[in-house]
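Numbering (full-length UniProt numbering), first residue to last: 1 to 282.
All residues carry an ideal CB built from backbone N, CA and C; glycine is no exception.
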Ligand code: SAM
């Protein structure tokens with residue numbers, strides 16, 4: 001199969017990049033190989049690609065997967081993709097915003113669903129959060145994202161990158177960094193380094209929570225007020241009186257003078273479950 005020459009296609013169709021749509025197209029075939037290999041896509045897999053661009057990664061995926069469904073927002077790219085990839089019977093193109101499209105409708109009864117994408121960087125975090133929170137039936141996400149966001153996703157407690165995004169992703173997934181990618185692998189070149197990261201969805205969340213929404217509220221509150229002690233951060237949620245709160249910390253075996261960034265996922269779960277028992281469930 002002839003591989004896509006991104007620069008040639010851009011020239012052929014006189015395509016004009018839209019910066020606000022995060023359009024940095026891949027030109028480096030070794031990086032494409034590493035995304036495809038890292039995703040371990042095979043003939044059993046139904047792949048969803050977000051933001052196919054001119055189809056550089058899409059074409060690679062079409063030869064490896066059972067089916068590829070690509071979601072692209074830019075109307076300028078739709079005729080190019082239809083023209084270049086229309087011959088593939090296992091290709092489906094959806095002209096929609098990945099932040100609004102109903103992935104359940106796309107997935108249908110498919111079992112082996114893998115998301116593979118060189119994500120538009122301006123919406124990386126909302127797209128990841130949406131796919132994880134909506135509990136879509138997918139096995140893994142192999143995505144190229146800004147290096148700094150990948151480091152936040154992969155961070156451990158007690159480091160400055162550890163935050164709500166680390167907890168959200170690690171709650172649902174195992175994380176594995178595939179490789180770093182330099183700006184020279186794209187046209188136009190982004191200002192930052194990128195990372196290919198793979199998120200493998202766990203069979204069940206990493207920690208048991210009695211109320212998932214309460215757990216994430218406490219996590220967000222703890223990191224929104226990073227410099228405050230947990231006692232002060234949680235107090236400002238105004239969901240219980242001071243005495244109940246101290247009891248919750250005691251039951252969870254957590255010192256309320258600690259800061260949120262020192263808590264593991266299990267400790268956040270213990271705290272949220274203790275709050276739940278003393279408030280919602282009392
Ligand atoms: N996959 C191509 C590649 O690797 O060369 C292009 C990747 S480029 C970083 C991001 C792509 O996402 C662009 O094609 C852009 O038009 C598209 N895009 C931007 N915002 C989007 C959104 N909200 N929903 C779907 N696609 C979007």
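At least one heavy atom of the ligand SAM falls within 7 Å of the beta-carbon of residue 25.
DSSP places residue 46 in no alpha helix (DSSP H) but in the uninterrupted beta strand (DSSP E) bounded by 46 to 50.
Rounded to the nearest angstrom, the gap between the Cα atoms of residue 116 and residue 94 is 15 Å. Counted as a single uninterrupted DSSP element, the beta strand (DSSP E) harbouring residue 194 occupies residues 194 to 201.
When the beta-carbon positions are compared, residue 177 and residue 165 stay at least 8 Å from each other. Using a C-beta cut-off of 8 Å, the segment 188 to 206 makes no contact with the segment 251 to 264, since fewer than three inter-stretch Cβ pairs fall below that distance. Nearest to residue 132 by C-alpha distance, out of 174, 121, 151 and 20, is 174. Under the DSSP definition of a beta bridge, residue 118 partners with 144.
Per DSSP, residue 92 is one residue of the beta strand (DSSP E) stretching across 91 to 95.
In terms of Cβ geometry, residue 125 and residue 149 form a close pair [threshold 8 Å]. If you check the C-beta of residue 74 against the ligand SAM, you find a heavy atom less than 7 Å away. Distance from the Cα of residue 80 is smallest, within the candidate group 64, 65 and 59, for 59.
The segment 166 to 254 is shown to contain whole alpha helix (DSSP H) runs of 4 or more residues at 212 to 224, 230 to 235 and 242 to 252, in chain order. Residue 157 has its Cβ no nearer than 7 Å to any heavy atom of the ligand SAM. Taking each of 242, 260 and 142 in turn and checking the Cα distance to residue 220, the smallest one comes out for 260. The C-beta distance from residue 107 to residue 137 rounds to 6 Å, short enough to meet the 8 Å contact threshold. A straight line joining the alpha-carbon of residue 156 with that of residue 162 spans about 6 Å. Excluding sequence positions up to five before and after residue 90, its CB lies within less than 8 Å of the CB of 62, 65, 66, 67 and 68, all in the same chain and listed in chain order. Sorting 262, 236, 264 and 231 by C-alpha distance to the C-alpha of residue 248 places 231 at the top. Spatial neighbours of residue 73 in its own chain (CB-CB distance under 6 Å, excluding positions within 5 residues in sequence) are listed in chain order as 97.
For residue 67, the enclosing beta strand (DSSP E) stretches over residues 67 to 72.
Counting other Cβ atoms within 10 Å of its Cβ, residue 140 reaches 16 or more and is therefore classed as buried.
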